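The structure appears below as structure tokens.
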Amino acid sequence: MPHRHRWFACLLVVLLAVAGSLQAGWDFARIMARAEQLYGHSPVGQQRLQDWQRLLQSQVDQAERQQLEAVNRFFNQRLRFADDRQIWAATDYWATPVQALQRGAADCEDYAIAKYFSLRQLGVPSHKLRITYVKALRLNQAHMVLTYYPSPGADPLVLDNLIDAIRPAGQRNDLKPVYAFNAEGLWVPGPQGGKQVGDSKRLSRWQDLLKKMQAEGFP
10 MPHRHRWFAC LLVVLLAVAG SLQAGWDFAR IMARAEQLYG HSPVGQQRLQ DWQRLLQSQV
70 DQAERQQLEA VNRFFNQRLR FADDRQIWAA TDYWATPVQA LQRGAADCED YAIAKYFSLR
130 QLGVPSHKLR ITYVKALRLN QAHMVLTYYP SPGADPLVLD NLIDAIRPAG QRNDLKPVYA
190 FNAEGLWVPG PQGGKQVGDS KRLSRWQDLL KKMQAEGFP
């Protein structure tokens, strides 16, 4: 094979590997098989998982704002809101994205968690995403949303199951932040993105969630 042809073939292999990184990272065939083993046979649930896979595939290499819109819209439309007591017969249960899609229902933290992992899988850096615990002032109750920081210290965008529009936090006067976390840390609210006060390993429910996702076949 001429040298330039070998070079082109190697380049093509590299490009195909990059394009296939989503599939390499998450083996959806294995995840769906594990979901059926763990949670029982659910054709509708399996269809939702397939739709999730197609969503992620369709958003590879899209601009981050486009990815935010697509992921936010998908989970807001595909999952109906229900209280943890109704879904899991528990006071506070953090479901994995697979569990939420299998049930077709989610509490506020489940929406935020599913959006977080979807955007991380699409390549949005962890430092731009935080699962944020807030008080919903109009509802007078605890609530969770996903926040996206386009740059350090910027006014974050809020991905919320209460409304479909993604708006800057400064325009969400109905939400009062309490704390936020992601895979790398724990923050309290304040100027310039707040202050990191610890590690998310302190959150036992977060650690339990990661263990459940590993059991479902996620790397």
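Start counting the sequence shown at 10; every next residue gets the next number (our numbering).
Ideal placement from N, C-alpha and C gives every residue a C-beta, glycine not left out.
The model shown is predicted, which means the values in this text are computed figures rather than measured ones.
Original post:
Taking all protein chains shown into account, do 16 or more other C-beta atoms lie within 10 angstroms of the C-beta of residue 33, making it buried, or fewer, making it exposed?
Top reply: Confidence is the limiting factor: at residue 33 the pLDDT is only 49, short of 50, which leaves the residue's position unreliable and the question unanswerable from this model.
Original post:
With DSSP run on the structure shown, which of helix, strand or coil describes residue 50?
Top reply: Correct three-state label for residue 50: coil.
**OP:** Could you tell me which residues DSSP pairs with residue 196 in its beta bridges?
**Re:** 189, 205
Original post:
Do residue 185 and residue 157 come within 9 Å of each other at the CB atom, strictly closer than that value?
Top reply: No, the pair does not count as a contact, with Cβ atoms beyond the cut-off.
Subject >> CB contact flag (residue 107, residue 40, <9 Å) >> reply: yes
Subject >> Boundaries of the alpha helix (DSSP H) in which residue 77 is found, first to last residue >> reply: 73–87
**OP:** State yes or no: is the C-beta of residue 166 within less than 9 Å of the C-beta of residue 124?
**Re:** Result no, Cβ atoms of residue 166 and residue 124 do not sit closer than 9 Å.
Original post:
Under a Cβ-count criterion, where at least 16 other Cβ atoms within 10 Å of its own Cβ denotes burial, should residue 152 be classed as buried or exposed?
Top reply: buried
Subject >> Alpha-carbon to alpha-carbon, residue 89 and residue 56 >> reply: If you take the alpha carbons of residue 56 and residue 89, they lie about 16 Å apart.
Original post:
Since residue 58 and residue 110 are thought to touch, with beta carbons under 8 Å apart, how far apart are those beta carbons, to the nearest angstrom?
Top reply: 6 Å
Subject >> Beta-carbon contacts of residue 48 that lie in its chain and below 6 Å, excluding the five residues immediately before and after >> reply: Closer than 6 Å at Cβ, skipping near neighbours: 111.
**OP:** Would you mind stating whether residue 4 and residue 120 have Cβ atoms separated by less than 9 Å?
**Re:** Residue coverage of the chain in this structure runs from 10 to 228, which leaves residue 4 outside it and unanswerable.
Subject >> Buried or exposed by the 16-neighbour rule on C-beta atoms within 10 Å, applied to residue 100 >> reply: exposed
Subject >> Which of helix, strand or coil DSSP assigns to residue 32 >> reply: Note that residue 32 scores a pLDDT of 41, beneath 50, so its modelled location is shaky and nothing firm can be said.
Original post:
Residues in its own chain within less than 7 Å of residue 179 by CB, not counting five upstream and five downstream?
Top reply: Here the set comprises 164.
Subject >> Test item: CB-CB of residue 81 and residue 218 under 9 Å >> reply: Not in contact: residue 81 and residue 218 (Cβ atoms no closer than 9 Å).
Subject >> Same chain only: Cβ atoms within 7 Å of residue 140, ignoring 5 sequence neighbours per side >> reply: 121, 122, 125, 153, 155, 189, 190, 191
**OP:** Go ahead and label residue 96 buried or exposed: buried means 16 or more other beta carbons lie within 10 angstroms of its beta carbon, across all protein chains shown.
**Re:** Residue burial annotation: residue 96 is buried, with at least 16 other C-beta atoms found within 10 angstroms of its C-beta.
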